[in-house]
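Numbering (this note's numbering), first residue to last: 79 to 216.
Dropping the structure here:
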């Protein structure tokens, strides 16, 4: 098991790992996805582990069961205990290509390869992630 400084949400059994530096908007993006129907797996710290040949995301037991919103506090949201990782996004790096080759943009996590997107500066990233998880890429 490995712990990542990341938030994570689940939609239709598919998990997204949201990476980024402190203050980059990980929790705000998770909140947007939750308003679109996702469930929170973990906020700010995510456990990543292998189970039955798949990479799963889960929350450390030390985390509160909610989402931290700066200036507000911990907000109750729908939760998911664990889900299979399908997508990784990073809010601290800018994508310079208008149409990046999704085959080339992958990240290795615990020996498995996943689609990886750089989302700093992307308008409405929650809507983009929702579409990727629900409908996939052409």
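We put the beta carbon where it would ideally sit given N, CA and C, even for glycine.
Review point. Since residue 92 contacts residue 161 with CB under 8 Å, what's their CB separation in whole angstroms?
Key: Rounded, the Cβ-Cβ distance is 7 Å, consistent with contact.
Practice item. Tell me whether residue 136 sits in a helix, a strand or coil according to DSSP, three-state version. Key: Secondary structure at residue 136: strand, using DSSP grouped into helix, strand and coil.
**Study point:** Minimum C-alpha distance to residue 104 - residue among 164, 197, 187, 210
**Key:** The candidate whose alpha carbon is nearest that of residue 104 is 197.
Practice item. Only counting runs of 3 or more residues, tell me where the beta strand (DSSP E) segments fall wholly within the region 147 to 199, in order along the chain. Key: Counting whole runs of 3 or more residues, the region 147 to 199 contains the beta strand (DSSP E) stretches 151 to 153, 160 to 168, 184 to 187, 190 to 196.
Exercise for review: Measure the Cβ-Cβ separation of residue 87 and residue 128 and say whether it is below 9 Å.
Suggested key: It is not a contact, given that the beta carbons lie outside the stated cut-off.
Review point. For the beta strand (DSSP E) that contains residue 55, what are its first and last residues?
Key: Nothing about residue 55 can be read from this structure; the chain reaches only from 79 to 216.
Review point. What are the start and end residues of the alpha helix (DSSP H) that includes residue 109?
Key: Residues 104 to 113.
Check your understanding: DSSP three-state call for residue 210: helix, strand or coil?
Key -> In the structure shown, residue 210 sits in a helix (DSSP, three-state: H, G or I).
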